[in-house]
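S.K.: The structure is given below, and queries will be raised subsequently.
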Amino acid sequence: MASSMRSLFSDHSRYVESFRRFLSSSTEHQCMQEFMDQKLPGIIARIGDTKSEIKILSIGGGAGEIDLQILSKVQAQYPGIHINNEVVEPSGEQIAKYKELVAKTSNLENIKFVWHKETSSEYQNRITEKKEIQKWDFIHMIQMLYYVKDIPATLKFFHSLLATNAKILIILVSGTSGWDKLWKKYRSRLPQYDLCQYVTSSDLSQMLDKLGIKYECYDLLSTMDISDCFIDGNENGDLLWDFLTETCNFNTTAPPDLKAEIMKDLQESEFSIKKEGKVLFNNSLSFIVVEA
C-alpha cells in the first residue's frame with residue numbers, strides 16, 4: 000500500500016461529503032422506504048400488544064430520517080399510544096440535525112424523545128454498570144454494526160433487552176452485494192481503520208446462528224450510480240471513489256495498478272450492472288429481523 004493513502008475517516012468533512020454523494024447517487028433510502036412501507040407493518044404488528052407505552056431504542060440513529068419513518072409506522076399500528084423513543088448516537092452534529100427534524104415534523108405529540116451522545120458500547124457499559132436494565136419493544140440498528148468492535152457481544156446484549164413480542168431490526172449491506180466482493184478482494188490493499196469493520200449480512204447470519212438467536216432475513220436490491228467514477232477529473236466521481244474504497248483522495252493517492260484493477264472490476268457483472276449507458280454498483284441491503 001502506498002504510504003500516501005490514508006483512511007477516509009481521517010478527514011471528517013471529506014467523509015461527510017462523500018457519504019452525501021453516495022446517498023444522492025444511490026437508491027439506499029428508497030430501498031429502506033420500500034421495506035418500511037411493505038414489510039415493517041407486519042413485523043411490528045404485535046410489539047405493543049397489551050402495553051400502555053411502547054419503548055423504542057435507536058442505536059446509531061444518525062440525523063433521524065429513517066427513525067421518524069419507523070415511528071410513523073408504529074403510530075399507525077398503535078394510534079394514540081405513548082411512545083418512548085431513545086436514541087444512542089455518538090455524533091453531536093447528527094443529534095443536532097435529528098432534533099431539528101423533530102422540531103419541524105408534525106404528529107409527534109405522543110412521542111417522547113431522549114438522546115444519548117455515546118456509542119453503542121458506551122451505552123452498553125453504562126447500562127450494565129448502573130444495573131438498570133430496561134426492556135425494549137423495538138430496537139433498531141441501521142447501517143451501524145460496521146463501527147462495533149465485538150459484534151457477537153453487542154448482538155447478545157441487545158437481544159437480552161427485548162421485552163415480550165419485541166424485535167430487533169438490523170440493516171446492513173447484503174452478502175450478495177458488490178461491497179462484499181470489493182471488501183474481500185481489496186481490504187488488505189486499502190487503508191485500514193480500527194473503528195470500521197467490513198461486515199455483511201452473511202457474516203451476521205453466521206454470528207446469530209452461533210448465538211442460537213432466531214431471525215429472518217430479507218434482501219432488497221439497491222444500486223449506486225458510479226458512472227462518474229470513470230470520467231477523469233469528475234468531482235462527484237472522485238468523492239464516490241473515496242466512499243467505495245474508504246480512502247481519502249483515492250484518485251490522486253492510489254497506486255496506478257490498484258486503481259486500474261478496481262476500475263476494471265467495478266464494471267464487471269459481479270460488482271455492477273450496466274443499464275442505459277450507466278454503471279450501477281450493486282448496493283443491495285439486508286433487513287434482518289431478530290426475535291425475542
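Be aware that the sequence shown starts at 0, since it is given in numbering that gives the first Met the number 0, and climbs by one per residue. In this text, a Cβ means the ideal position worked out from N, Cα and C, and glycines have one as well. From a predicted model like this one, the values you see are computed outputs, not experimental measurements.
Quick test of your reading: Leu220 and Ser285, contact by CB under 8 Å. State the CB separation rounded to the nearest angstrom.
M.R.: If you number the sequence shown from 1, residue 220 lands on position 221. If you number the sequence shown from 1, residue 285 lands on position 286. Actually they do not touch by this definition, with Cβ atoms about 11 Å apart.
S.K.: What are the start and end residues of the alpha helix (DSSP H) that includes Met262?
M.R.: Counting from 1 along the sequence shown, the entry for residue 262 is found at position 263. From DSSP, the alpha helix (DSSP H) with Met262 extends over Pro255 to Asp264.
S.K.: Tell me which residue opens and which closes the alpha helix (DSSP H) that Phe137 is part of.
M.R.: Residue numbering aside, residue 137 sits at position 138 when the sequence shown is read from its first letter. Careful: Phe137 lies outside any alpha helix (DSSP H), inside the beta strand (DSSP E) at Trp135 to Ile141.
S.K.: Identify every run of the alpha helix (DSSP H) within the region 154-187, keeping only runs that are complete inside it and at least 4 residues long; order them along the chain.
M.R.: Listed in chain order, the complete alpha helix (DSSP H) runs (minimum 4 residues) inside the region 154-187 are 177-185.
S.K.: May I have the straight-line CA-CA distance separating Ser201 from Gln142, to the nearest angstrom?
M.R.: Counting from 1 along the sequence shown, the entry for residue 201 is found at position 202. Counting from 1 along the sequence shown, the entry for residue 142 is found at position 143. Roughly 15 Å separates the two Cα atoms.
S.K.: In or out: Lys183 buried (at least 16 other Cβ within 10 Å) or exposed?
M.R.: Within the sequence shown, residue 183 is the residue found at index 184, counting from 1. Its Cβ having fewer than 16 others within 10 Å, Lys183 is exposed.
S.K.: My assumption, with CB atoms under 8 Å, is that Lys54 sits in contact with Trp135. Please give the rounded CB distance.
M.R.: In the sequence shown, counting from the first residue as 1, residue 54 sits at position 55. In the sequence shown, counting from the first residue as 1, residue 135 sits at position 136. 5 Å between Cβ atoms; contact.
S.K.: Ser6 and Cys247 - do their beta-carbons sit closer together than 8 Å?
M.R.: Residue numbering aside, residue 247 sits at position 248 when the sequence shown is read from its first letter. Residue numbering aside, residue 6 sits at position 7 when the sequence shown is read from its first letter. Yes. Within cutoff.
S.K.: Can you give me the C-alpha to C-alpha distance between Ala1 and Ile225, rounded to a whole angstrom?
M.R.: Residue numbering aside, residue 1 sits at position 2 when the sequence shown is read from its first letter. Residue numbering aside, residue 225 sits at position 226 when the sequence shown is read from its first letter. Confidence is the limiting factor: at Ala1 the pLDDT is only 43, short of 50, which leaves the residue's position unreliable and the question unanswerable from this model.
S.K.: Measuring straight from C-alpha to C-alpha, what distance separates Lys277 and Asn84?
M.R.: To locate residue 277, count along the sequence shown from 1; it is residue 278. To locate residue 84, count along the sequence shown from 1; it is residue 85. Taking the straight line joining both Cα atoms gives about 41 Å.
S.K.: Is it right to say Ala165 is buried, meaning 16 or more other beta carbons lie within 10 angstroms of its own, or is it exposed?
M.R.: Locating residue 165 in the sequence shown gives position 166, counting from the first residue. The residue in question, Ala165, is buried, as its Cβ has 16 or more Cβ neighbours within 10 Å.
S.K.: When we look at the beta-carbon of Ser105 and count the other beta-carbons within 10 Å, is it buried (16 or more) or exposed?
M.R.: Taking the sequence shown and counting its residues from 1, one reaches residue 105 at position 106. The residue in question, Ser105, is exposed, as its Cβ has fewer than 16 Cβ neighbours within 10 Å.
S.K.: Out of Leu154, Gly59, Lys129 and Gln74, which has the shortest C-alpha to C-alpha gap to Lys111?
M.R.: Here residue 111 is taken as the residue at index 112 of the sequence shown, counted from 1. That would be Gln74, whose Cα lies nearest to the Cα of Lys111.
S.K.: Does DSSP put Val87 in a helix, a strand or coil?
M.R.: Locating residue 87 in the sequence shown gives position 88, where the first residue counts as 1. Three-state DSSP puts Val87 in a strand.
S.K.: So Lys72 and Ile94 are supposed to be a Cβ contact under 8 Å. How far apart are they, rounded?
M.R.: Taking the first residue of the sequence shown as 1, we reach residue 72 at position 73. Taking the first residue of the sequence shown as 1, we reach residue 94 at position 95. 22 Å between Cβ atoms; not a contact.
S.K.: May I ask which residues mark the beginning and end of the beta strand (DSSP E) holding Phe242?
M.R.: Looking up residue 242 in the sequence shown gives position 243. Phe242 -> not in any beta strand (DSSP E); alpha helix (DSSP H) instead, spanning Glu234 to Thr244.
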